[in-house]
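Using UniProt numbering, the letters of the sequence shown correspond one by one to residues 1 to 285. All C-beta atoms, glycine included, are put in the ideal place defined by N, C-alpha and C. On a predicted model such as this, the values are computed, not experimentally measured, just so you know. Single-structure report; data block below.
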Amino acid sequence: MTVADSGSISLGGKTVHRLGFGAMRITGTGVWGPPRDRDEAIRVLREAVRLGVTFIDTADSYGPEVSEELIREALHDGRGYGAVVVATKGGFTRPGPGQWVARGDAGYLRQCLEGSLRRLGVDTIDLWQLHRIDSRTPRAEQFAALRSFLDEGLVTQVGLSEVDIEDVREAQAAGVPIASVQNRYNLGDRRAEQLLDFCTEQGIAFIPWAPVDAGALARPGGPLDRVAAAHPGVTTGQLALAWLLRRSPVMVPIPGTSSVAHLTENLKAADVHLTDEEFASLTAA
C-alpha cells in the first residue's frame with residue numbers, strides 16, 4: 001500500500017499526496033480534552049506519515065489546542081515538519097465538549113493564528129483556514145485579517161471552511177487568494193456539489209470532512225456493498241474514499257481516526273481502483 005497512489009496536489013507551498021489525515025479524532029470525547037490513549041494518538045500520527053501521508057489537517061479548537069500539541073510532539077523534527085504540510089484552522093471558541101461558537105473579529109483571529117504558530121513550533125503556517133465565517137462580524141474585517149496574515153508572512157496560503165461559491169468569490173474580490181475550501185462532502189451528502197465543481201474549475205483544493213460517512217449507501221445490500229462484492233477484502237469505507245479521489249483532481253480527503261488499525265484501513269483506499277461502470281453507479285446512487 002502506498003498513499004502516493006492517491007495522486008498529488010500543490011498545497012501549502014508543497015506538493016502533497018491527496019489522501020491526507022484529519023486530526024480531530026485524536027482528542028477526547030466531544031473533541032474536548034486529551035485523548036483516552038495518548039500513546040496511541042502519537043503512534044497514529046507517526047504511522048500516518050510513515051505510510052506516506054504528507055497532508056495533515058487540524059484546528060486550534062480541536063481539544064482545544066490538544067491536537068496541535070500532539071502533532072508537534074509526534075512529528076516536529078526540531079526545525080519543522082519537512083515534506084508534511086500541517087494545515088490548521090481558527091475562528092471557533094469552545095465553551096465545552098461538543099460546543100462550537102464562531103468568532104471572527106480580527107483580534108481574535110490573530111490570537112488564534114499566533115497560538116497555532118506557538119503550539120506547532122513554526123514561524124509560518126503552511127495553510128491557515130477560517131473555520132467559519134462569523135455572521136456577527138463584518139466579512140470585510142475577516143477577509144482583511146486573512147490578507148494581513150499573508151502579507152506578514154505568517155501563513156503561506158489561506159482557505160475557508162463551510163462556505164458557498166459566493167463566499168469564495170467575495171473573499172477573492174477582497175484580494176484574498178483562496179487555496180482551499182473545506183466543506184462536508186461524501187458519497188451520501190453532496191450538498192456542496194456545485195462548490196466542488198467551482199473549485200475544480202478554479203484549481204482550489206477541496207477538503208471534504210466526514211469523507212467516509214456514506215450513510216444509507218453503505219448499508220448491507222446497498223450500492224457500496226454491491227460494489228464491494230467485486231473487490232475481495234475491500235471495505236465500503238475504502239470504496240467511499242476511492243470514489244472521492246476519482247470525483248475530482250482537487251479532492252483531498254482527510255479521514256480521521258484514533259486507531260492505528262483504522263488508519264491503515266483508511267489509507268489502503270489509495271490502492272482501490274474503481275472501474276468506469278462502478279464509478280458511474282456510485283455517482284448515480
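Check	Outcome
Please confirm whether GLY159 and GLN129 have their CB atoms less than 7 Å apart.	yes
Taking 8 Å as the cut-off, does the region 118 to 125 touch the region 160 to 175 (at least 3 CB pairs, one atom from each stretch)?	no
Taking 8 Å as the threshold, find out whether the region 38 to 46 comes into contact with the region 98 to 108 through three or more Cβ pairs.	no
Flag this pair as yes or no: are the beta carbons of ILE71 and SER258 separated by less than 7 Å?	no
Have a look at TRP209, PRO177, SER180 and GLY203 and flag the residue whose alpha-carbon is nearest the alpha-carbon of ARG191.	TRP209
Which of the three DSSP states is assigned to LEU239 in this structure?	helix
By how many angstroms is the C-alpha of THR156 removed from the C-alpha of PRO177?	11 Å
With a threshold of 16 other CB atoms inside 10 Å of the CB of THR2, please say whether the residue is buried or exposed.	exposed
Nearest by alpha-carbon distance to ASP134: which of PHE149, GLY222 and LEU109 is it?	LEU109
Throw me the rounded Cβ distance for the PRO253 and PRO211 pair, which I believe falls under 8 Å.	4 Å
In three-state terms, what does DSSP make of GLY90?	strand
Would HIS76 pass as a contact of GLY52 if the rule is Cβ separation under 7 Å?	no
Between LEU224 and ALA269, is the Cβ-Cβ spacing less than 7 Å?	no
Take GLN111 as the anchor and find which of GLN99, LEU146, VAL84 and ARG139 has the nearest alpha-carbon.	LEU146
Cα separation between ILE118 and ILE56?	The sequence as given places Arg at residue 118; Ile does not occur at that position. C-alpha separation (whole angstroms): 17 Å.
What are the partner residues of MET251, as DSSP defines its beta bridges?	PHE206
State the CB to CB distance for the pair VAL250 and ALA205, rounded to an integer number of angstroms; the pair is presumed to be in contact (CB under 8 Å).	5 Å
Using the Cα positions of LEU64 and PRO34, report the straight-line distance between them to the nearest angstrom.	The amino acid at residue 64 is misidentified as Leu; the sequence shows Pro. If I take the Cα positions, the gap works out to 9 Å.
Taking its Cβ as the centre, do 16 or more other Cβ atoms sit within 10 Å of PRO232, making it buried, or is it exposed?	exposed
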